[in-house]
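Working notes for the structure below.
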Amino acid sequence: MLDKIISGLSAFIIATISALGYGGVVLMMAIESACIPLPSEIIMPFSGYLVVTGRFGLQMVAIAGAVGCLLGSYVAYFVGSWGGRPFIERYGRYVLIAQHELETADRFFARWGSHTVFWSRMLPVVRTFIAFPAGVSRMKLVPFTIYTLIGSYIWCLALAYGGMKLGQHWKDLAPYFHRFDALIAILLIVGGVALIYNRVKGIASASTSAN
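Quick note: the sequence shown uses our numbering, first residue 1, plus one each step.
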């Protein structure tokens, strides 16, 4: 099932980039950074392969990928800032998010947001979703823009370079990254489950003590 999904996505990505050129790279990476898990591990290596064919230039591919990441990240950022934050402030307690935790997240992004955004841009799975919590915490837009561009450029350049070196075998990169994707996804799920369990346990203990 997963193989069929990946094959379908690969065909869609290849067709789009083949038809739109650099604009296709921008569009695909924008979708990937707008909290829609379209794999950059296919987008950028294929674009790197097109460098070998002479259609693309390596630096232009990396820049197009980074610009796409920034545009998609803006979508997720402003959704988090304009819609996500008011929603969480009003209904967060119903999904076990307390007001003080939102304030803690604000302080975290105020102090470490630049580093977090930069390094997250080079982590599979995390890079797709990091812009939304940055928007919820209303991280300053200028550093968000700068570190998103820099981190995304490095990520896109590395993947495109790998695809360029592998040539027609560019798809060989994808399985390694998919394993890493799965590992990070599992860690995030385990961490989320542990957080929810501790929260529910704490609420239950507080309720018992009150009685």
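We treat Cβ as the ideally placed atom computed from N, Cα and C, and that holds for glycine.
No experiment lies behind these values; they were computed from the predicted model shown.
When the Cα of residue i is compared with those of the options, which residue comes out closest?
| i | options | result |
| --- | --- | --- |
| Ser33 | Ala134, Val142, Lys140 and Ser47 | Ala134 |
| Val75 | Leu50, Gly163 and Val136 | Val136 |
| Leu149 | Thr116, Ala66, Leu157 and Thr128 | Ala66 |
| Lys140 | Phe129, Gly113 and Tyr161 | Gly113 |
| Met214 | Gly167, Tyr153 and Gln168 | As displayed, the chain neither begins before 1 nor continues past 211, which places residue 214 out of reach and without an answer. |
| Pro39 | Phe132, Ile63, Leu58 and Phe12 | Phe12 |
| Leu166 | Ala62, Gly24, Ser47 and Val25 | Ser47 |
| Phe132 | Leu71, Leu58, Leu157 and Gly54 | Leu71 |
Would you report the Cα separation of residue i and residue j, rounded to the nearest angstrom?
| i | j | result |
| --- | --- | --- |
| Ser81 | Arg138 | 6 Å |
| Thr145 | Leu159 | 21 Å |
| Thr16 | Val142 | 31 Å |
| Ala19 | Gly162 | 22 Å |
| Arg107 | Phe56 | 42 Å |
| Leu27 | Pro45 | 15 Å |
| Ser73 | Arg127 | 9 Å |
| Val79 | Tyr22 | 26 Å |
| Trp155 | Ile42 | 13 Å |
| Ser120 | Pro37 | 15 Å |
| Val52 | Ser10 | 19 Å |
| Val25 | Ala110 | 32 Å |
| Cys35 | Val125 | 9 Å |
| Gly151 | Gly8 | 28 Å |
| Gln168 | Thr116 | 35 Å |
| Gly54 | Met60 | 12 Å |
| Ser207 | Lys171 | Low confidence applies here, because Ser207 scores a pLDDT of 48, under 50, leaving its location unreliable and the question unanswered by this model. |
Pop quiz: residue i and residue j are said to be a contact at Cβ under 8 Å. What is the actual Cβ separation, rounded to whole angstroms?
| i | j | result |
| --- | --- | --- |
| Met164 | Tyr49 | 7 Å |
| Ala30 | Gly68 | 4 Å |
| Phe129 | Tyr147 | Phe129 to Tyr147, Cβ: 16 Å. No contact. |
| Leu157 | Ala62 | 4 Å |
Sequence ranges, alpha helix (DSSP H) only - wholly within the segment 38 to 71, length at least 4: Listed in chain order, they are 40 to 52.
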